[in-house]
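Which chain is which? The protein sequence lines are P and Z, in order. The first sequence begins at 29 in this note's numbering and counts up by one. The second sequence begins at 29 in this note's numbering and counts up by one.
2 protein chains.
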Amino acid sequence: MERPAIRRLQQEIQQTKPFVNSQHAAGLSLLRTADQARREFDSLVSPMGISVEQYNVLRILRGAGEKGLPTLEIAARLLEQNPGITRLLDKLEAKGLVCRARCATDRRQVFCTITADGAAIVNSLDEPARRQNQQFFRGLSAAEVDTLIDLLDRLRYPETKAENEREI
Amino acid sequence: MERPAIRRLQQEIQQTKPFVNSQHAAGLSLLRTADQARREFDSLVSPMGISVEQYNVLRILRGAGEKGLPTLEIAARLLEQNPGITRLLDKLEAKGLVCRARCATDRRQVFCTITADGAAIVNSLDEPARRQNQQFFRGLSAAEVDTLIDLLDRLRYPETKAENEREI
DNA sequence: ATTTAATTGTTGACATGTCATTTAATTACA
DNA sequence: TGTAATTAAATGACATGTCAACAATTAAAT
């Protein structure tokens, strides 16, 4: 639509004002889009009786295999703080989707593993999740998805960008 | 062996597999980046005694001016469902940052307006918020920010993209 | 070796988000 | 007119996220 015009306008003025507005718009767009993605994905997993966060925990534990992972290691792989993970695991354990056991060598740690029931649920969601993702990104080409990944990664790690983008 | 069949299978795998992974990676990156943005912004507004969501409500009400907005109209402009907004406004009203009054012509509606104290807080956060945004997007050029806005918008409204991108 | 510090995980308190239901007011319609 | 449907907002119940404080265990220090 008017994107090129907007960009030209910004170059013309080249002051802080429209630059700020673009960044503000980008920030809002980021939050709104992520919220929509989270909501759509929730509607996919909730029929299985789990939340998006619980699904993520189960995915991580499936990837960890039989030896499982200590509690805080799961929290580290999510985007989450400690206290939340305990209660998440409480729920999953109550549903029989996760097992917890104190580590013998370091009794501070609690190792968590996925159960057969838990794995069955995650496995059954693999294909629907793939389709859901495909649906969500249907508006973007493969190259654009890669561009999006690049831009988002550079927002989270702005320092690492210096090496790859000196040619500006 | 059936070489053509094998080749076809490989092509299929090569097509779908990395594509799916890219979309999956993009989805995760989207959620993580938005979460980080939300968290960083929270550390900016929480010293003023308000949350990010409360800040957004105050911003919307400042923009609405003196006549204010009905409760659900605020909810519609946020990325939020009804029930949450009532309690958000409860907190803001308790802090004296927002006023609520039943509409005379339609007594179902409750009009919300920002108070002078509320406006003072939002105003005092304008400049810090601008700097914070600038800091968050420092890894991207202005053109890249526009690209990001475009990609995110097309994720939320995939249909509108069809007209502009038939040339693929 | 005994005290101190750090790590791992849990709990309590509270803010927010969501769903289902409810109340009050308004509109539709028969 | 009078009853049903719709709308605006609030409430209850519950899941999650965050902070502060805590207990248990292990590591470090002197």
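Where is the CB? At the ideal position from N, CA and C, for every residue including glycine. Given the structure is predicted, the values throughout are model-derived calculations rather than measurements.
- Within the same chain, and ignoring the five residues on either side of lysine 119 of chain P in sequence, the residues whose Cβ sits closer than 7 Å to its Cβ are Gln82.
- The beta carbons of alanine 54 of chain P and leucine 176 of chain Z sit about 5 Å from each other, so the pair counts as a contact at 8 Å.
- Straight-line measurement puts the Cα of threonine 143 of chain P at about 43 Å from the Cα of leucine 117 of chain Z.
- For arginine 184 of chain Z, no beta strand (DSSP E) run applies; the uninterrupted alpha helix (DSSP H) run containing it begins and ends at 170–184, by DSSP.
- Taking alanine 132 of chain P as reference, the option from P:Ser50, P:Lys95, P:Leu125 with the minimal CA-CA separation is P:Lys95.
- Nearest to valine 73 of chain P by C-alpha distance, out of P:Glu172, P:Asp178, P:Arg158, is P:Arg158.
- Inter-segment contact for the stretch 153–171 of chain Z and the stretch 56–72 of chain Z is present: three or more beta-carbon pairs are separated by less than 8 Å.
- By the Cβ neighbour-count rule, glycine 167 of chain P is buried, with 16 or more other Cβ atoms within 10 Å of its own.
- Alanine 92 of chain P carries a helical assignment under DSSP once its states are collapsed to helix, strand and coil.
- Of all residues in the stretch 50–77 of chain P, the ones placed with a Cβ closer than 7 Å to any Cβ belonging to chain Z are Ser50, Gln51, His52, Ala53, Ala54, Gly55, Ser57, Leu58, Leu59, Arg60, Thr61, Ala62, Asp63, Gln64, Ala65, Arg66, in chain order.
- Bounds of any alpha helix (DSSP H) do not take in alanine 129 of chain P; it lies within the beta strand (DSSP E) bounded by 126–130.
- Between alanine 103 of chain P and isoleucine 113 of chain P, the C-beta gap is smaller than 7 Å, which places the two residues in contact.
- DSSP places threonine 141 of chain Z inside the beta strand (DSSP E), whose first and last residues are 138–142.
- At a cut-off of 7 Å between beta-carbon atoms, glycine 91 of chain P makes no contact with chain Z.
- In the three-state reduction of the DSSP assignment, leucine 106 of chain Z falls in the coil class.
- Any Cβ of chain P closer than 7 Å to the Cβ of isoleucine 177 of chain Z would place that residue at the interface, and such an atom is present.
- Of the candidates Z:Ala171, Z:Cys140, Z:Arg115, Z:Cys140 places its Cα closest to the Cα of valine 126 of chain Z.
- In terms of beta-carbon proximity, proline 156 of chain Z stays away from the interface with chain P, with every pair separated by 7 Å or more.
- By the beta-carbon neighbour count (other beta carbons within 10 angstroms, threshold 16), aspartate 145 of chain P is exposed.
- Among the bridge pairs identified by DSSP, leucine 97 of chain Z is matched with Z:Cys140.
- Here alanine 62 of chain P is buried: its Cβ has 16 or more other Cβ atoms, across all protein chains shown, within 10 Å.
- By the CB criterion at 7 Å, serine 57 of chain Z and leucine 180 of chain P fall inside the cutoff.
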